[in-house]
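Following this note's numbering, the numbering of the sequence shown begins with -11 at its first residue and continues without gaps. We treat Cβ as the ideally placed atom computed from N, Cα and C, and that holds for glycine. Since the structure is predicted, the reported quantities are computational estimates derived from the model, not experimental observations. Here is the structure we will look at.
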Amino acid sequence: MEVRIGIKHSPRELSFETESSAEELRALIENAVAGDASLVALADAKGRQYLVDTESIAYVELGGEGGRKVGFIS
């Protein structure tokens, strides 16, 4: 699934593919923002970790399940 996170005061967004479901990600992010957590930890499909400041999140876009990709992928 593709995830896009908009960061306040930044023209760029954080975008990555993950193995987690939309429900898991939504619950994780909602709990982090609603609670006292200053960071939310997310992992992509390649095992990389992303730590995002919960107060800096402008929006989260949860895409559908990733389809087949064509071309060169690193």
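Relative to E11, the option among E43, F60, V48 whose CA is nearest is V48.
In the structure shown, the three-state DSSP call for V21 is helix.
By the Cβ neighbour-count rule, V28 is buried, with 16 or more other Cβ atoms within 10 Å of its own. According to DSSP, V40 shares a beta bridge with V28.
Under the Cβ criterion (8 Å, minimum of three pairs), the segment -6 to 3 does not count as touching the segment 17 to 26.
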